[in-house]
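Residue numbers (our numbering): 21 to 131.
Okay, so here's the structure we're looking at.
Given below as structure tokens:
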């Protein structure tokens, strides 16, 4: 079951939350993911990310503890924007960096 909540923050801070992941906007305009991104929540996270997108987006993945192939695909599909707007992943853990390198998804920028 997916639960959307605003916790104790302003309505614009929390874009999506369930038992496995939270998606939040930051003051600097970036979006942070914390928890697990996988088949069970990938579509909801994709909707939250694309719904908040007005241009290039920076996704902070420092607190992303687990991501499966569906979760990676969720991020890659966000980067396949018809307008060519870039998606940059920030604070990428070494294991995720290695996976992205193996998959050669050039649409995702790491930095």
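Cβ atoms here follow ideal geometry from the backbone N, Cα and C, with glycine treated the same way.
Only a predicted model underlies this, so the values are computations on that prediction, with no experimental measurement involved.
What number of angstroms, rounded off, separates the C-alpha of residue 81 from the C-alpha of residue 102? The count along the chain shown starts at 1 and reaches residue 81 at position 61. The count along the chain shown starts at 1 and reaches residue 102 at position 82. So the alpha carbons of these two residues sit roughly 23 Å apart.
Identity of the residue in 88, 105, 111 nearest residue 123 by Cα: Translated into positions along the chain shown, residue 123 becomes position 103. Cα-wise, what sits closest to residue 123 is 88.
Span separating the alpha-carbon of residue 63 from that of residue 71: Residue mapping note: residue 63 aligns to position 43 of the chain shown, counting from 1. Residue mapping note: residue 71 aligns to position 51 of the chain shown, counting from 1. If I take the Cα positions, the gap works out to 12 Å.
Taking the alpha carbon of residue 108 as the reference point, which residue from 56, 117, 57, 77 has its own alpha carbon closest? Position 88 of the chain shown, counted from the first residue, corresponds to residue 108. Closest option to residue 108, Cα to Cα, is 77.
Taking the alpha helix (DSSP H) that residue 55 falls in, what are its first and last residues? Here the question's residue 55 lines up with position 35 in the chain shown. Segment 51-57 is the beta strand (DSSP E) holding residue 55; no alpha helix (DSSP H) there.
Distance cut-off 6 Å: residue 37 Cβ against heavy atoms of the ligand NAD: This structure lacks the ligand NAD, and indeed carries no ligand of any kind.
For residue 46, which of helix, strand or coil comes out of DSSP? Position 26 of the chain shown, counting from 1, holds the residue named residue 46. Note: residue 46 maps to coil in three-state DSSP.
Enumerate in chain order the residues of its own chain whose CB-to-CB distance from residue 67 is below 8 Å, with the five nearest sequence positions on each side excluded. Numbered from its first residue, the chain shown carries residue 67 at position 47. For residue 67, where only same-chain residues beyond five positions count, the Cβ hits under 8 Å are 36.
Can you tell me the Cα-Cα spacing of residue 26 and residue 100, whole angstroms? In the chain shown, residue 26 corresponds to position 6, counting from 1. In the chain shown, residue 100 corresponds to position 80, counting from 1. Below a pLDDT of 50, predicted positions are generally treated as unreliable, and residue 26, at 37, falls in that range; no measurement from the model is reported.
Buried or exposed for residue 55, going by 16 or more other Cβ atoms inside 10 Å? Residue mapping note: residue 55 aligns to position 35 of the chain shown, counting from 1. Under this definition residue 55 is a buried residue.
Less than 7 Å between the C-beta atoms of residue 84 and residue 128, yes or no? To locate residue 84, count along the chain shown from 1; it is residue 64. To locate residue 128, count along the chain shown from 1; it is residue 108. No, the Cβ-Cβ distance between residue 84 and residue 128 is not below 7 Å.
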